[in-house]
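Residue numbering for the sequence shown is 4 to 287, as defined by this note's numbering.
By construction, the Cβ of each residue, glycine as well, lies at the ideal position given by its N, Cα and C atoms.
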Amino acid sequence: MRIHDSETNKCKKKLMLEPKEFEQGIEYALANDCDGLQVDTWNIVDTIMDFRLFEKVANQIVFLSFMNVNTTNVSNFEYIYSLERLKTFYCQKVDLHIDFARFSSLRNIGIFYNKNFLNLDKLEQLESAVISKFTGKDMLLFSGWKSIKILHIYQSQIECLRGIKDLVRIDTLVFGHNRKLTDIGCINLLDYAGEVSFEKNSRLHDYSMLANNRNIHNLFISDLDDLEFIKSMKSLSSFKFWNCKNGDLSPLLANPILKEVYFTPNKKHYSHTLEQIKILLTSE
Numbered sequence: 004m005r006i007h008d009s010e011t012n013k014c015k016k017k018l019m020l021e022p023k024e025f026e027q028g029i030e031y032a033l034a035n036d037c038d039g040l041q042v043d044t045w046n047i048v049d050t051i052m053d054f055r056l057f058e059k060v061a062n063q064i065v066f067l068s069f070m071n072v073n074t075t076n077v078s079n080f081e082y083i084y085s086l087e088r089l090k091t092f093y094c095q096k097v098d099l100h101i102d103f104a105r106f107s108s109l110r111n112i113g114i115f116y117n118k119n120f121l122n123l124d125k126l127e128q129l130e131s132a133v134i135s136k137f138t139g140k141d142m143l144l145f146s147g148w149k150s151i152k153i154l155h156i157y158q159s160q161i162e163c164l165r166g167i168k169d170l171v172r173i174d175t176l177v178f179g180h181n182r183k184l185t186d187i188g189c190i191n192l193l194d195y196a197g198e199v200s201f202e203k204n205s206r207l208h209d210y211s212m213l214a215n216n217r218n219i220h221n222l223f224i225s226d227l228d229d230l231e232f233i234k235s236m237k238s239l240s241s242f243k244f245w246n247c248k249n250g251d252l253s254p255l256l257a258n259p260i261l262k263e264v265y266f267t268p269n270k271k272h273y274s275h276t277l278e279q280i281k282i283l284l285t286s287e
């Protein structure tokens with residue numbers, strides 16, 4: 004058990020503890036004004052945590068993180084909702100019937116999706132989310148997130164971005180390792196997207212549907228067939244990528260508002276090196 008002075012704005016003082024230290028840890032957090040709890044549950048076998056103890060720190064905890072927890076590891080589960088000030092909740096590989104709507108102060112989540120999670124679609128005040136293992140085929144479940152600014156989706160089953168147009172305050176979108184994702188056309192329906200990343204979505208290599216896009220300002224794509232669509236992107240100021248299959252980088256020079264380009268490594272079949280692209284962009 005140890006206190007960690009948080010380097011983020013999620014909490015000021017985080018207590019890291021093991022499940023066997025749960026009761027002692029709650030008392031320690033209370034005495035030391037810890038506003039964050041991270042339960043390292045890799046060693047949770049035959050350990051039961053009594054969530055009734057959360058009542059003792061209900062007025063101070065704004066951050067909670069745990070993983071590998073199910074009903075056999077917890078007693079008095081309902082008392083988790085006594086954490087009325089909880090703003091950030093991270094849970095990975097957690098098999099509990101968590102009703103997220105009962106955390107009225109919740110602003111940030113990081114979850115491995117579970118079918119037993121309730122009311123994820125009701126989080127209208129949510130500002131940031133990292134979602135892994137989501138089983139839905141589109142983004143309609145998230146369409147009620149009217150305050151969301153940052154959304155990461157990893158290793159999901161999504162095939163398209165239907166529902167994304169309702170994320171009216173979105174600024175940052177990251178899609179990584181979503182092996183069924185093929186249709187991203189709905190991203191063009193957004194009014195604004197400050198930063199968008201597509202990383203290692205194995206079936207997504209054709210980005211031609213981004214031609215004439217007006218909302219994306221900064222774009223990263225790990226792997227793509229060609230860059231032709233870049234020419235007509237109306238708001239793109241920064242573009243980064245890892246691998247371009249056809250090697251023709253000249254479209255980067257045909258977009259009049261593109262100011263910053265980065266890629267690595269320089270490959271033999273590329274028409275230009277990174278250094279050449281940078282020189283040509285700045286000389287125009």
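Buried or exposed: which applies to residue i, given that a residue is buried once 16 or more other Cβ atoms fall within 10 Å of its Cβ?
i    : result
D38  : buried
S131 : buried
W148 : buried
Y265 : exposed
A32  : buried
K90  : buried
T75  : exposed
K17  : buried
V72  : buried
K118 : exposed
T267 : exposed
N35  : exposed
A257 : exposed
V171 : exposed
I29  : buried
Compute the beta-carbon to beta-carbon distance between residue i and residue j, rounded to the nearest angstrom, for a pair I have assumed lies under 8 Å.
i    : j    : result
K183 : Q158 : Incorrect: roughly 10 Å between the Cβ atoms, too far for contact.
L20  : A61  : At roughly 17 Å, the Cβ-Cβ gap does not stay under 8 Å, so L20 and A61 are not in contact.
L144 : R165 : At roughly 11 Å, the Cβ-Cβ gap does not stay under 8 Å, so L144 and R165 are not in contact.
L252 : I280 : 6 Å
P22  : M70  : Wrong, their Cβ atoms sit about 11 Å apart, outside the cutoff.
F223 : K243 : 5 Å
Excluding sequence positions up to five away, which residues of its chain have a Cβ less than 7 Å from the Cβ of residue i?
i    : result
N122 : D102, F103 and A104
W45  : N71
I83  : F54 and F57
R206 : R182, K183, L184 and T185
N269 : T276 and L277
Taking 8 Å as the threshold (C-beta atoms), are residue j and residue i in contact?
i    : j    : result
F120 : Q95  : no
I173 : I156 : no
S240 : E263 : yes
L261 : L284 : yes
E162 : T138 : no
K271 : P254 : no
D169 : S135 : no
L40  : F66  : yes
L99  : V77  : yes
L193 : I167 : yes
G188 : N221 : no
L176 : L154 : yes
R88  : I112 : no
Whose C-beta lies closer than 6 Å to the C-beta of residue i among residues of the same chain, with five residues either side of it excluded?
i    : result
F290 : The structure shown does not extend to residue 290, since the chain spans only 4 to 287, so no value can be given for it.
N216 : N191 and M236
S68  : Q41 and Y93
Y273 : G250 and L252
N181 : S159, I161 and N204
D124 : L144 and G147
Y195 : N218
N246 : D226
Kindly say whether residue i, judged by its beta-carbon, lies nearer than 8 Å to any beta-carbon of chain C.
i   : result
D38 : Absent from the structure is chain C; it holds one protein chain and no more.
By Cβ distance, which residues of its chain are closer than 8 Å to residue i, with the 5 residues on each side in sequence left out?
i    : result
H208 : D226, L227, D228 and K248
**Message:** Check whether the segment 50-58 and the segment 100-108 touch, using three or more Cβ-Cβ pairs below 8 Å as the test.
**Reply:** They do not touch, by the three-pair rule.
**Asked** Hey, is the segment 226-234 in contact with the segment 201-210, meaning 3+ C-beta pairs nearer than 8 Å?
**Response** Yes: at least three Cβ pairs fall under 8 Å.
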